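Just below is one structure, and these are the notes that go with it.
Residue numbers (this note's numbering): 12 to 240.
So this is what it looks like as structure tokens:
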């Protein structure tokens with residue numbers, strides 16, 4: 012895995028143009044170059060992306076075109092929840108390490124500590140991806156992103172209806188998918204034809220009704236109306 016990851020990272024620079032500067036997309040393209048169209052390429056890309064966002068993305072800035080980008084982690088409190096978990100992990104690692112060492116020895120203690128550190132990287136990676144991978148409106152359509160969890164692109168010609176939802180008013184419907192953090196959607200997007208939604212580790216879902224959220228729904232509605240005309 013380490014050898015394959017090294018090859019994927021070396022291919023990252025060649026993939027940056029095709030990914031439009033998005034780290035996860037660039038890593039995914041590079042992994043496919045190394046492993047081909049295989050499910051393991053998606054798994055490897057997700058793990059490398061977690062490492063990148065969790066450890067190496069802290070000097071990165073959000074996309075500059077603020078009029079076109081929309082985050083989704085503040086309004087729901089999802090970002091604050093991840094930060095709280097990240098703060099708790101270091102507080103638990105030391106006492107758990109000492110307890111496991113006294114019961115099963117140092118090898119088991121360091122194994123558990125390693126899992127705790129990896130869990131912290133997971134949390135930090137998820138949080139940073141939420142910050143650095145906002146959803147985006149363009150003249151072509153809408154690209155919805157929820158950090159590393161969900162991603163899809165919908166051209167305007169495939170959009171049938173965009174509806175603002177009253178609070179806690181989501182119905183269970185066929186061919187629907189809720190990608191809002193903590194399942195607190197603000198909008199319901201109905202598509203003319205089902206679209207493929209890309210999830211974690213290469214998971215793929217087909218959906219015709221997409222429930223999603225943004226932190227600034229009024230600005231999103233206004234900009235959406237301007238682009239649709």
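Ideal Cβ placement from N, Cα and C applies to all residues, glycine included. Here the structure is a predicted model, which is why all the values come from computation and not from measurement.
| Query | Result |
| --- | --- |
| Pair within 8 Å by beta-carbon distance, residue 163 and residue 209 | yes |
| Stretch pair the region 127-139 + the region 37-48: three plus CB contacts closer than 8 Å | no |
| Cβ pair residue 190, residue 222 closer than 8 Å | yes |
| Cβ-based neighbour list, residue 65, same chain, cut-off 6 Å, excluding 5 preceding and 5 following | 132, 135, 136 |
| Distance between residue 147 and residue 237 (C-alpha atoms, nearest Å) | 14 Å |
| Any non-hydrogen atom of the ligand NAD closer than 7 Å to residue 232 Cβ | This structure lacks the ligand NAD; in fact it carries no ligand of any kind. |
| Buried/exposed call for residue 42, threshold 16 Cβ in 10 Å | buried |
| Residue(s) in a DSSP beta bridge with residue 166 | 152 |
| Test item: CB-CB of residue 207 and residue 215 under 8 Å | yes |
| Cα-Cα separation, residue 90 to residue 149 | 25 Å |
| Under 8 Å between C-beta atoms of residue 232 and residue 220 | no |
| Below-8 Å beta-carbon distance, residue 157 vs any chain D residue | The chain labelled as chain D is not found in the depicted structure, where only one protein chain is given. |
| Bounding residues of the beta strand (DSSP E) (the contiguous stretch that carries residue 190) | Where residue 190 is concerned, there is no enclosing beta strand (DSSP E), given that its DSSP letter is neither H nor E. |
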